[in-house]
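Here the structure comes first, spelled out in structure tokens, and everything after it is commentary.
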Amino acid sequence: MLKRRSVMDCEVLMRINNGLSPTNAFMQLQQTIRSKYGERSGSPDNPNCGIVPDGDIFLVVGPERTKLHVKSMLLMAVSKPLSVMLGPDWKEGHDMRHHNGPFEVSLPDDNATALEIICSVIHFQNDKIPRTLAAGDVLAVAVAADKYDCLNAL
Numbered sequence: 007m008l009k010r011r012s013v014m015d016c017e018v019l020m021r022i023n024n025g026l027s028p029t030n031a032f033m034q035l036q037q038t039i040r041s042k043y044g045e046r047s048g049s050p051d052n053p054n055c056g057i058v059p060d061g062d063i064f065l066v067v068g069p070e071r072t073k074l075h076v077k078s079m080l081l082m083a084v085s086k087p088l089s090v091m092l093g094p095d096w097k098e099g100h101d102m103r104h105h106n107g108p109f110e111v112s113l114p115d116d117n118a119t120a121l122e123i124i125c126s127v128i129h130f131q132n133d134k135i136p137r138t139l140a141a142g143d144v145l146a147v148a149v150a151a152d153k154y155d156c157l158n159a160l
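Per this note's numbering, the sequence shown starts with residue 7, numbered consecutively.
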């Protein structure tokens with residue numbers, strides 16, 4: 007059975023055939039992609055993702071501390087847990103209301119890719135949603151959507 011190869015796999019193989027080591031071929035391809043398309047939001051080199059430029063909070067997600075710039079009112083409208091967390095009775099909501107400028111909400115246990123996708127959907131940023139997802143990312147989105155009770159919004 008023939009294995010389908012991605013364009014990236016073919017590019018790396020072509021560079022290896024031209025005498026580069028696999029590591030150098032991959033690194034060279036990464037540099038080419040970065041120079042052509044810029045940094046991917048949420049990558050370790052650029053841990054900030056502007057879901058919306060006029061957001062009032064940053065979700066600081068996962069161990070890599072990816073920052074998602076979002077609107078709290080949209081999150082509160084689609085998610086009961088986030089509505090409670092950002093409401094006046096919880097520390098995050100209280101601090102947010104008494105803070106000048108964008109406020110940071112720490113979500114260290116969550117998956118940054120999953121929340122970036124969910125927030126992009128909630129904020130109608132369809133151009134930021136990948137056309138295809140790996141199985142692990144689909145699972146991560148499902149887990150996060152269940153955790154924050156926002157399945158209906160997706």
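Don't be surprised by glycine CBs; every beta carbon is placed ideally from N, CA and C. None of the values given here were measured: they were computed from a predicted structure.
Going by DSSP, T72 is part of the beta strand (DSSP E) stretching over 72 to 76. Taken atom to atom, the span from the alpha-carbon of D115 to that of C156 is near 17 Å. Under the 10 Å beta carbon count, H75 is surrounded by 16 or more other beta carbons and is classified as buried.
The Cβ atoms of T119 and A151 lie no closer than 8 Å to each other.
By the 16-neighbour rule on beta-carbons within 10 angstroms, G61 is buried.
Judged by pairs of C-beta atoms under 8 Å, the segment 104 to 114 touches the segment 63 to 80, as three or more such pairs exist. Note on the segment 87 to 137: whole alpha helix (DSSP H) runs with a minimum of 4 residues are 97 to 103, 118 to 128, in chain order.
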